[in-house]
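Report on the following structure.
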Amino acid sequence: MPDLLVIVLKLLAVAAGFAVLPLLIGQAEHKVMAHMQGRLGPMYAGAFHGWAQLVADGVKFAQKEDVVPAAADRRIFKLAPGVALVPYLLVLLVVPVGPHGQVALDLGPGLFFALAVMGVGVIGAIMAGWSSANKYALLGGMRVAAQLMSYELPMVFAASSAAMAAGTLSLSGIVEEWHWWWLPWQAVGAAVFFVAGLAELRRPPFDMPVADSEIIFGPYTEYGGLRFAFFLLAEYAGILVLCALTTVLFLGGWRGPFLDTELGWLWTLVKVFALAFVVIWVRVSYPRMREDQLQRLAWAWLVPLSLAQLALTGAVRVLAA
Amino acid sequence: MQDYSHTYAVVAALLLIGGGIVAGGLAANRGLRPNRPTVEKLTTYECGVDPVGGGWAQSYVRYYVFGYLYVIFAVDAVFLFPWATVFAAPGFGATTLVEMFVFLAFLATGLLYAGRKGVLSWV
């Protein structure tokens, strides 16, 4: 019975983290973007620096009418936001925040699970694009599919480089094997993983599929109210998951300067938020890439680079043994 | 086997929680939001003008070659994961390393071939 209680508490912790952390990233995006672009950003809601803006946004979304276009494929259209959001919750289940079992579920093939489930989130956007029966949404959905196909591959190669270096697929196991010299050794893999992850999340500069200035909002054109809010939440949850996986695979997860066992969760969070800051920074700094540039970056740069990283990892691992 | 199903029971439980959050949110939302559908409101959105042509547009999927490529490469990539956990185990020596370079050479040659054929450049 205590076992069951532990599991329930862990599941609640995962759900709580899923509810709070993406909102913090969203709030950080409001403020960081405002500062980087030399403007105020939302300043009124909640009096102090507009801290309640996200709450106000949430209330606004909850009050809006839920419009399903007459031409849409109703059931798929209504299901899509859930398919986009829930997979990121599932990935958080296997992300360790500290040593000695400070993870909701220490899954043997955890890395494999995380990558597979993360890919499902993209299906939600494709479903939305197809079922809306809207030309912009269809174009956006097609672009989402194209992007998934090009960037999933380097992402998988880079992740398996970390698995090769550690000799295990368990995410906790990978952090346990981690040493500081992984940073230079796996640097290329880490960069490829992060960039490919950004592209999979359709974050700027890879936001071609949702390009609001040309195809309105791509797959989400016809959405409004809470369903649209779920898609937005999925984007921030995706940032959280990507940053958490990058932290665990390449940056040593819970390892910090001292007290790894007690403060592991803190080091993990610090690294995750530092990476989330980079995600926002990149959004502010780079213009959107064109579709052919996206494909070129994936196939001409990221795939060969990740293959080179695999060769390097394998050679070092076998020759050093 | 029991341990295995036990592990994935936790995953299933979280899946239910996630589904519950989304469904519960939408159900609660039902009481908060207005519902006044009109014909104009339910029309497909095309920047304010009436939709041109049918709702289901035709589109040329330019990247289907990328699709094929991806399937081929991804099937190869899946085999990396089980191999990654054992390739450096003592006793294999350089055998696994040579295997890896053969594998990578196949992938690199495939990519190079696709590139030379011109399928990697956008039409």
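Protein sequences, first through last, are from chains A and B. Read the first sequence against UniProt numbering and you will find it ends at 321, with the numbers running on by one and no gaps. Read the second sequence against UniProt numbering and you will find it ends at 123, with the numbers running on by one and no gaps. Glycine included, every Cβ here is placed at the ideal spot set by N, Cα and C. Since this is a predicted model, take the numbers as computed values, not measurements.
Query                                                                                                               : Result
Contact belief for P304/A with L111/B at Cβ below 8 Å, rounded distance in angstroms                                : 7 Å
Residue 326/A at chain B interface by Cβ criterion, 8 Å                                                             : There is no way to answer for residue 326/A, as the model of chain A reaches only from 1 to 321.
Any C-beta of chain B under 8 Å from that of G17/A                                                                  : no
G98/A (DSSP reduced to helix, strand or coil)                                                                       : strand
Terminal residues of the alpha helix (DSSP H) in which P154/A lies                                                  : 135–166
As assigned by DSSP and simplified to three states, the class of F87/B                                              : coil
Inter-residue spacing [alpha-carbon to alpha-carbon] between G238/A and L115/A                                      : 12 Å
Cβ-based neighbour list, P51/B, same chain, cut-off 6 Å, excluding 5 preceding and 5 following                      : T44
Within 8 Å, strictly: CB atoms of P219/A and G141/A                                                                 : yes
Whole runs of the alpha helix (DSSP H) within the stretch 154–230 of chain A, excluding any shorter than 4 residues : 171–177, 182–185, 187–200, 212–215
Contact list for the stretch 8–25 of chain B against chain A, Cβ threshold 8 Å                                      : V10, V11, A13, L14, L15, I17, G18, G19, I21, V22, A23, G25
Nearest candidate by alpha-carbon position, reference A105/B, set R317/A, L310/A, A320/A                            : L310/A
Option nearest A315/A by Cα separation, candidates G118/B, M100/B, S121/B                                           : M100/B
Identity of the residue in Q63/A, V59/A, K31/A, A158/A nearest F48/A by Cα                                          : K31/A
For V98/B and L11/A, the rounded distance between their alpha carbons                                               : 44 Å
Within 9 Å of chain A by C-beta, residues of the stretch 32–43 of chain B in sequence order                         : L32, R33, P34, N35, R36, P37, V39, K41, L42, T43
CB contact below 8 Å: K60/A versus chain B                                                                          : no
Environment of M36/A [buried if 16+ CB atoms lie within 10 Å]                                                       : exposed
For G264/A and L85/A, the rounded distance between their alpha carbons                                              : 27 Å
V117/A and P154/A closer than 8 Å at C-beta                                                                         : no
Boundaries (first-last residue) of the alpha helix (DSSP H) holding P103/B                                          : Residue identity check: residue 103/B is Phe in the sequence provided, not Pro. Per DSSP, F103/B belongs to the alpha helix (DSSP H) from 95–117.
Beta carbon proximity, A27/B to chain A, threshold 8 Å                                                              : no
R317/A at chain D interface by Cβ criterion, 8 Å                                                                    : Reference to chain D is not applicable here, since the protein chains of this structure are A and B.
Own chain partners of A9/B with C-beta closer than 7 Å, once the 5 adjacent residues on each side are dropped       : none
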